[in-house]
Amino acid sequence: MRLTVAQALLRFLANQWSERDGVEHRLVAGCLGIFGHGNVAGIGQALAERGAGTDGDLPYYLARNEQAMVHTAVGYARARNRLSTFACTSSIGPGATNMVTGAALATINRIPVLLLPGDVFATRAADPVLQQLEDPRFPDVTVNDALRPVSRFFDRINRPEQLLAALPAAMRVLADPAETGAVTLALPQDVQAEAYDWPEELFARRVWHVARPVPEPAALARAVELVRRSRRPLIIAGGGVVYSEAWETLATFAADHGVPVGETQAGKGTLPYDHPCAVGAIGHTGTAAANDLARDADLVIGVGTRYTDFTTASRTLFGEAAFLNVNVAAFDAAKHSGETLVADAREALRALDLGSWSADPGWTARATRLTHDWQEKVSLLTIGEALTQPVVLGMVNEVARPSDVVVNAAGSMPGDLHKLWRASDPKSYHVEYGYSCMGYEIAGGLGVKLAAPEREVFVLVGDGSYLMMAQEIATAVQEGVKLVVVLVDNRGFASIGGLSESVGAGRLGTAYRMRGAGGALDGALLPVDLAANAASLGAGVIRADGPESLRVALTKAREAVGTTVVYVETVPGPGPETTAWWDVPVAEVSGLPEARRARAAYEQAKRDQRPYL
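Mapping of the sequence shown onto UniProt numbering: position 610 corresponds to residue 610, and the numbering continues sequentially without gaps.
Below, the structure written as structure tokens:
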């Protein structure tokens, strides 16, 4: 079958499927792209020839920023439990390097995305081409090599026949829950347009079976013995519980054995907030209930978690607990010198046969009491006459229905959401906190809505993130994809402002202000109207200036047909307490007294860090 490389690539992708538990999904559900020299004559032409409408087998979506389109693919893949994703195509040069941040986000979060950046001429017939990086030491290096360290699989297709080996290898990584992340196939622009006689077998329908590895018997026996010896166990539910759809199994296991369950950002919602064993968020952004239990637990059972520094409070949270780590990836299961159970989360929990064993009844009762006390604090913080950030979040939580999805990524909101949001559905909480990438929110929310059009999607975005990447509002409007964007304006970087102050840096560069008389950025507030900006991108806009008007605005936005931005300015006010530390180094010497005080507190906190040897 004689086709160009680009035509063959798309024909192949359209015939790839994933399967788990007998249910099949398109492995690559569509293509997001921005065209320029480097992909317009190859992938662009191939898409045009196929007919790239949304009713096709490989629909095309026009993005506005290459980083954003990778975020959209991540949002889609995460909402589909990593069983389906998008391809992202770019031109050479800045189009390709714009995808590096998105690729890092995907790989860090263990989310599959397929990147197809254009590249320079493989033949070097026209050398250097526009936007080409020239390195006199390494003529074969291009800017696409920047994608190597942030990709789980990388290949450059310099000859058509190389595609025959590269494509199956790339699909294997996309479909492997232990290895997945960004997969990059760099495509020189001349090779994309080159014709080749392809074997028809390349385009046969192929199903990639997504495994559910079961525990190795000896490891399972060790795990059962370790749990039975414990009296005060605590489960940490991570993203792996969600991706393996193990939430019902986890709920049954926890209830049967009286084990409290704390949740990471990726694992939040695995248990409904009012489940008897749910103790809420854990770690630096965790609840007082979960963190109090973590300090006294004698066994931490991590299920599908990477144990980031926010989860472990920079390795200060868990006292003298032992660890049992359940993870599909051996790399993550081996962390903290724990007992390892390398397996799918659902299969591991089903296999952990503990008989009639239960945690100490006093431990379970303590968890219930602490959680009740915390929920009373949540109720007080999320109700008020002033539009503080917790009040705004509480209002969104009230208006949203259990099946609706909240999307967020960076700033102070992820911490408040982790502590305060009352999730009732395992797919209703979507906060990207592996890379905590400013600008993810709107693009990621677009991906969530494409993956789950039956759900309403509330995108919570601060003014800092909005100014970095708001343009995918135009994509949502163009595609008729409805989002409710809650734009929270506090005139700067509130989260980093607080962190800056805590380390003695004086909130430098964290407020959106004009330069004052002395030359510092401490003058009048910037005359920026973000609501008007959102309207200029095609969204409906509702401004809210108080709790009641916010409730009305959110209700109208939820009922609207198209994308609506609810704009609200927040005021400083009390937030949820932080009950666990985070290791951010402080200057060892300084002429500023506040920095010296911060250093003294830092050195005191460092004494509680454990090496986990």
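Note that beta-carbon positions come from the ideal geometry of N, C-alpha and C, so glycine has one too.
Please read all numbers here as calculations on a predicted model, not as lab measurements.
Taking one beta carbon from each stretch, the region 373-389 and the region 567-581 have 3 or more pairs nearer than 8 angstroms; the two touch. Less than 7 angstroms divides the Cβ of threonine 371 from the Cβ of valine 279. Looking at Val485, Gly269, Ala125 and Arg212, the one whose alpha-carbon comes closest to that of lysine 449 is Val485. Around the beta carbon of tyrosine 61, a 10 Å sphere encloses 16 or more other beta carbons of the protein chains shown; the residue is thus reported as buried.
Within a 10 Å sphere around the beta-carbon of phenylalanine 331 sit fewer than 16 other beta-carbons, which makes this residue exposed. If only complete runs of 4 or more residues are kept, the region 446-470 shows the alpha helix (DSSP H) at 463-468, in order along the chain. In the structure shown, proline 188 adopts extended strand secondary structure according to DSSP, grouped into three states. In this structure, the alpha-carbon of glutamate 339 lies about 8 angstroms from that of arginine 222. Listed in chain order, the alpha helix (DSSP H) runs fully inside the region 259-309 are 288-296, counting runs of at least 4 residues. The region 177-224 is shown to contain whole beta strand (DSSP E) runs of 3 or more residues at 182-188, 195-197 and 206-209, in chain order. Taking all protein chains shown into account, methionine 514 has fewer than 16 neighbouring C-beta atoms within 10 Å of its C-beta and is therefore exposed. Taking a cut-off of 8 angstroms on C-beta distances, the region 226-242 does not touch the region 195-207, as fewer than three cross pairs fall below it. In this structure, alanine 122 sits near asparagine 158, with a CB-CB distance shorter than 7 angstroms.
Note that the C-beta distance between valine 459 and glutamate 479 is not below 7 angstroms. Inclusion of alanine 14 and leucine 58 in the CB contact set at 7 angstroms is warranted, their separation being smaller than that value. Around the beta carbon of glutamate 432, a 10 Å sphere encloses 16 or more other beta carbons of the protein chains shown; the residue is thus reported as buried. DSSP links proline 233 through a beta bridge to Leu299. The Cβ atoms of glutamate 19 and valine 214 do not sit closer than 7 angstroms to each other.
Looking from the CA of glycine 538, the closest CA among Ile473, Gly492, Thr252 and Phe323 belongs to Ile473. Contact between alanine 322 and aspartate 292 does not hold, since their C-beta atoms are separated by about 19 angstroms, which reaches or exceeds 8 angstroms. Judged by their CB atoms, leucine 116 and alanine 96 are not nearer to each other than the 7 angstroms cut-off. For proline 260, the number of other beta carbons within 10 angstroms of its own is at least 16, and it is reported as buried.
In the three-state scheme derived from DSSP, where H, G and I count as helix and E and B as strand, serine 502 is classed as helix. Taking C-beta atoms under 8 angstroms as the contact rule, threonine 4 and alanine 46 qualify, at a distance of about 7 angstroms. Annotated as distal: glycine 519 and arginine 507, with beta-carbon spacing of 7 angstroms or more.
For isoleucine 108, the three-state secondary structure derived from DSSP is helix. Taken through DSSP and simplified to helix, strand or coil, histidine 25 comes out as strand. Here asparagine 144 carries a helix assignment [DSSP, helix/strand/coil]. For threonine 564, the three-state secondary structure derived from DSSP is strand. At a Cβ-Cβ threshold of 7 angstroms, methionine 438 and serine 465 count as neighbours. Within a 10 Å sphere around the beta-carbon of valine 561 sit fewer than 16 other beta-carbons, which makes this residue exposed.
In the three-state DSSP reduction, isoleucine 542 falls in the strand class (E or B).
Straight-line measurement puts the Cα of leucine 554 at about 39 angstroms from the Cα of alanine 178. As summarised for the region 362-430, the continuous beta strand (DSSP E) elements at least 3 residues long and confined to that stretch are 405-408, given in chain order.
About 6 angstroms separates the beta carbons of alanine 423 and tyrosine 273, which is inside the 8 angstroms limit, making them a contact pair.
Spatial neighbours of serine 314 in its own chain (CB-CB distance under 7 angstroms, excluding positions within 5 residues in sequence) are listed in chain order as Trp581, Trp582, Asp583 and Gln609.
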